[in-house]
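Everything on this sheet refers to the single structure shown next.
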Amino acid sequence: MLEVNNINVYYGPIHAIKDISFEVKTGETVALIGANGAGKSTVLKTMSGLLRSKTGSIVFDGKDIKKAEAHKIVRSGLAQVPEGRRIFLQMTVLENLEMGAYTQKAVSAEELENIFTLFPRLKERRKQIAGTLSGGEQQMLAMGRALMSKPKLLMLDEPSMGLAPLFVEQIFEIIKSLNRAGTTILLVEQNAGKALEIADRAYVLETGEITLSGTGKELSQSDEVRKAYLGG
Amino acid sequence: MSVFSTIVSQIFNGLQSGSVYALVALGYSMVYGIIMLLNFAHGDIIMVGAYIVWVLMSLLTLPPVIGTVAAVVGCTLLGIIIEKVAYAPLRKSPRLSLLITAIGVSFFLENIAQLVMGAGSKPMPTIIKGTNIEIGDAHISFVAIVTIIVSVITMLLLTLLVQKTKMGKAMRAVSEDMDSAKLMGININRTISFTFAVGSALAGIAAVLYSCAYPQASPTMGSMLGLKAFVAAVLGGIGSIPGAMIGGFAIGLLEAFVSAAGLSVWKDGVVFTILIIVLIVKPTGIMGRTMSEKV
């Protein structure tokens, strides 16, 4: 579904992503793990068209989207839940969800109901200003908002960041159930243990390069990964 | 005249000029909200609107309706063109470059107007005619009443547009978080263009209403009006739509009462003192809020 070949991304003189390639097949959950500053978010931003790769190709659903504008990429079925949620804090919960459905002709009542079933909290608070939600609720809103565009591939950037353990469990359960329901997932996480648990395959990113890859199980048993990311 | 009638007529004077300030301040505030630019060329759009009315009505003796519609359409197009030609290429540049460009555009428009229309002022034709109203022994001009009603209706429509329509919601989303809005599939360039179009259309309406109150068109007429509307936008909280309305009316009323107190020479000074006080005491203005991010 997503095939990334030899991309290089720069922030001014800084070479942030060094010639990486990876792929996500239809129906998979793929995790991208690595330390803070390894370039994980940069990869997702490049997929979404917020940043540009100087080389290579990004093929999504059979089309090269490397040079496509960000708003067109969403239309082709690639949605992102950005790091730090980035919900519209001054708009209501419902308006945030409506913005998620911006690419659709109209807000589908059915999709909205699906999301309210997935996140009952959002239904209770749909008229509330999003800035008044708790961190976990904001994460749910960010996910619900991305789902409103009916993505084929959902990319999640650090969905567990800053959340209480109970919420983290819940978020990962929801990601699993989304995948079961047919959404392909690309997950970026610092919480490597959790990510490898639910991932079919995973890549390890270190200072802009992919150093390891394998199935979730293989990586969670590899010595290198255990030492560096799973605390021994 | 009794004290009561003085107060009543000054309230209407204040609301009349306040309506115009509010319409102009809305354009400032909306543009600032979306691309963080103080569009100092905004006042000059009004000047162009006034000349459009003058050319059509005085030169070509066309009816007021045509003059009015042409001014609004002309200002809207001008706003879109200015954004596309002068500001869009600077989307990724530092904000200071944008600000300097805006000042440049302002000088450009003023000088082009001087070149084409001459430096002297042109007397504006009568656009709105009607009988004045008497409340007690206070005279309320018909123009004042039309101005206030038109402004209030315009502001209600704008509020509906921003709160309820898909494009309005997209404008709010872009002004809050541009990258996040891109991830929703919102076309940023189109949304910014639309914002300039709406702000400039309001300036076109303001141009017609202002020309009714001060029937003269001159190349620099927009600069003082623009600056006062800017003060109104800052007072209300720049970026806030209800703030711009409140700020506009507040500045208009303040000016009217300063003049009524016999200090009309000090009118402009008082307005700019307000700017200084707001910037020192409450830089976010009346409706502006500082949002703290939740983790």
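Quick mapping for you: the protein sequence lines, in order, are chains A and B. When you read off a place in the first sequence, starting at 1, and then add 905, the result is the number in the numbering used here. When you read off a place in the second sequence, starting at 1, and then add 56, the result is the number in the numbering used here. Using N, Cα and C, we set each Cβ at its ideal position, and we do this for glycine too.
- Judged by DSSP secondary structure, residue 964 (chain A) falls within the beta strand (DSSP E) whose first and last residues are 962–965.
- Under DSSP, residue 229 (chain B) takes part in no beta bridge, so it has no partner.
- Using a Cβ-Cβ cut-off of 7 angstroms, residue 1000 (chain A) is close to 225 of chain B, given in chain order.
- Proximity of chain B to residue 1003 (chain A) at the Cβ level (cut-off 7 angstroms) is accounted for by 225, in chain order.
- As the crow flies, the alpha-carbon of residue 1020 (chain A) is around 8 angstroms from that of residue 1052 (chain A).
- Ranked by Cα distance from residue 140 (chain B), the first of B:161, B:75, B:341, B:269 is B:161.
- Of the candidates A:1066, A:1007, A:1082, A:949, the residue whose Cα lies closest to the Cα of residue 1097 (chain A) is A:1066.
- When DSSP states are grouped into helix, strand and coil, residue 1056 (chain A) belongs to the coil group.
- For residue 996 (chain A), the residues of chain B that pass the 8 angstroms Cβ criterion are 225, 228, 229, 232, in the order they occur in the chain.
- Flagged as an interface residue toward chain B: residue 1008 (chain A), by a C-beta distance shorter than 8 angstroms.
- In the structure shown, residue 1068 (chain A) falls within a coil segment according to DSSP collapsed to helix, strand and coil.
- Exclusion of the five residues before and after residue 95 (chain B) leaves 87, 158 as the residues of its chain whose Cβ lies within less than 6 angstroms of its Cβ.
- Restricting attention to B:343, B:148, B:342, the CA atom closest to the CA of residue 234 (chain B) is found in B:148.
- Here the stretch 932–952 of chain A makes no contact with the stretch 211–227 of chain B; the two share fewer than three CB pairs at distances below 8 angstroms.
- At least one beta carbon of chain A lies nearer than 8 angstroms to the beta carbon of residue 242 (chain B).
- Counting only runs of 3 or more residues that sit fully inside the stretch 1062–1127 of chain A, the beta strand (DSSP E) segments are 1089–1094, 1106–1111, 1114–1120, in chain order.
- A residue is called buried when at least 16 other Cβ atoms come within 10 angstroms of its Cβ; residue 1106 (chain A) meets this threshold and is buried.
- Cβ contact annotation for residue 996 (chain A) (same chain, cutoff 8 angstroms, sequence separation greater than five): 1004, 1034, 1035, in chain order.
- Interface with chain B (8 angstroms Cβ-Cβ cutoff): residue 1054 (chain A) is included.
- Nearest to residue 976 (chain A) by alpha-carbon distance, out of B:291, B:336, B:243, B:190, is B:243.
- Listed in chain order, the non-local C-beta contacts of residue 276 (chain B) below 7 angstroms within the same chain comprise 166, local neighbours out to five positions each way being set aside.
- In this structure, DSSP gives residue 324 (chain B) a helical state, which the three-state scheme calls helix.
- Residues of the same chain with a CB within less than 6 angstroms of the CB of residue 921 (chain A), apart from the 5 flanking positions on each side, are 914, 944, 947, 1113 in chain order.
- Judged by pairs of C-beta atoms under 8 angstroms, the stretch 1086–1094 of chain A does not touch the stretch 1113–1125 of chain A, as fewer than three such pairs exist.
- A Cβ-Cβ separation of about 20 angstroms leaves residue 70 (chain B) out of contact with residue 263 (chain B) under the 8 angstroms criterion.
- In the DSSP annotation of this structure, the continuous segment of the beta strand (DSSP E) that includes residue 194 (chain B) starts and ends at 194–196.
- For residue 274 (chain B), there is no enclosing alpha helix (DSSP H), as DSSP gives it neither H nor E.
- When Cβ pairs closer than 8 angstroms are counted between the two stretches, the stretch 220–232 of chain B is seen to touch the stretch 243–252 of chain B, the count reaching three or more.
- At least one CB atom of chain A sits nearer than 8 angstroms to the CB of residue 238 (chain B).
- Within chain B, the residues 233, 235, 236, 239 have their CB atoms less than 9 angstroms from the CB of residue 991 (chain A), given in chain order.
- Residue 341 (chain B) places its beta carbon 8 angstroms or farther from that of residue 282 (chain B).
- Contacts with chain B at 8 angstroms (Cβ-Cβ) include residue 980 (chain A).
- Looking at the backbone, the Cα of residue 266 (chain B) and that of residue 1006 (chain A) are separated by about 41 angstroms.
- Under a criterion of Cβ atoms nearer than 8 angstroms, no residue of chain B is adjacent to residue 1013 (chain A); the nearest Cβ is some 14 angstroms distant.
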